[in-house]
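Everything in the sequence shown is counted per our numbering, starting at 12 for the first residue and increasing by one.
To start, the structure itself, in structure tokens.
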Amino acid sequence: MNVAIILYAARETGDRKLRDIALRHARTTRRVLVRGDGSTAHEGVFDTDTGEFLRQTTHQGYRGDSCWSRGLTWALYGFTTCYEFSRDPHFLETAQACADYYITHANADGIPPWDFNAPVENRTLLDTSSAAICASALLRLCRLEPDSLKGHLYWSTAVQILTALCEKHVVTTDTKWEGILRGGVYHVHKGLGVDESVMWGEYFFCEALERVLW
Numbered sequence: 012m013n014v015a016i017i018l019y020a021a022r023e024t025g026d027r028k029l030r031d032i033a034l035r036h037a038r039t040t041r042r043v044l045v046r047g048d049g050s051t052a053h054e055g056v057f058d059t060d061t062g063e064f065l066r067q068t069t070h071q072g073y074r075g076d077s078c079w080s081r082g083l084t085w086a087l088y089g090f091t092t093c094y095e096f097s098r099d100p101h102f103l104e105t106a107q108a109c110a111d112y113y114i115t116h117a118n119a120d121g122i123p124p125w126d127f128n129a130p131v132e133n134r135t136l137l138d139t140s141s142a143a144i145c146a147s148a149l150l151r152l153c154r155l156e157p158d159s160l161k162g163h164l165y166w167s168t169a170v171q172i173l174t175a176l177c178e179k180h181v182v183t184t185d186t187k188w189e190g191i192l193r194g195g196v197y198h199v200h201k202g203l204g205v206d207e208s209v210m211w212g213e214y215f216f217c218e219a220l221e222r223v224l225w
């Protein structure tokens with residue numbers, strides 16, 4: 012997700028080395044954190060001496076082998092960005108895989124649980140910030156997708172997500188609530204920012220609304 016600023020700097024300065032560093036990092040992330048079904052791990056642990064990849068883990072997801080929904084949408088957004096800058100088809104394939112996993116596993120209205128593999132009794136906790144990130148990413152991906160049918164699926168899913176967010180989760184009458192979008196999640200295990208307005212949720216929600224009007 013955060014390689015976008017490096018890719019932007021590389022493009023603006025013409026620094027090929029900087030671009031290569033960013034894309035190499037993205038390829039490593041793709042190799043060790045994105046699974047065959049399009050789900051993602053939150054974090055990866057490496058041997059600091061040898062550089063060997065050791066295992067997938069998490070701090071904010073349910074388990075190291077689960078799919079934390081915000082991590083998935085960070086990946087979707089990030090690999091879409093990498094494809095947009097590089098036109099490397101592997102990044103497009105990865106973004107598609109992440110998008111397809113989200114669409115298949117999110118709730119009927121497009122809003123995901125905080126972790127797709129959380130226990131059933133804990134899966135009712137949603138994360139609207141993940142949904143906002145996904146909507147914005149899909150609105151970019153649909154314009155890059157060569158298959159028009161799949162592109163329409165991504166666009167219509169983004170619209171469905173934004174509709175659900177606007178109808179169910181936007182703060183309207185509570186003047187004491189300091190935020191736009193309810194239902195964001197920061198850190199479940201620490202009890203921080205659970206069912207709250209979170210800054211990244213606000214940002215990507217507004218970005219997605221702007222994109223859908225383009």
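Ideal Cβ positions, reconstructed from N, Cα and C, are used throughout, including at glycine.
Cβ-based burial, residue i [other Cβ within 10 Å; buried from 16]
i	result
residue 119	exposed
residue 21	buried
residue 57	exposed
residue 153	buried
residue 48	exposed
residue 225	exposed
residue 81	buried
Boundaries (first-last residue) of the beta strand (DSSP E) holding residue i
i	result
residue 203	203-207
residue 228	Because the chain spans 12 through 225 in this model, residue 228 falls outside it and cannot be assessed.
Endpoints, the alpha helix (DSSP H) within which residue i is located
i	result
residue 24	14-24
residue 215	210-223
residue 187	Where residue 187 is concerned, there is no enclosing alpha helix (DSSP H), given that its DSSP letter is neither H nor E.
residue 28	27-44
residue 166	159-175
residue 111	100-116
Residue i - partner residues in DSSP beta bridges
i	result
residue 71	The partner list for residue 71 (beta bridge, DSSP) is empty, contrary to what the question assumes.
residue 137	124
Helix, strand or coil at residue i [DSSP, three-state]
i	result
residue 84	helix
residue 56	strand
residue 126	strand
residue 51	strand
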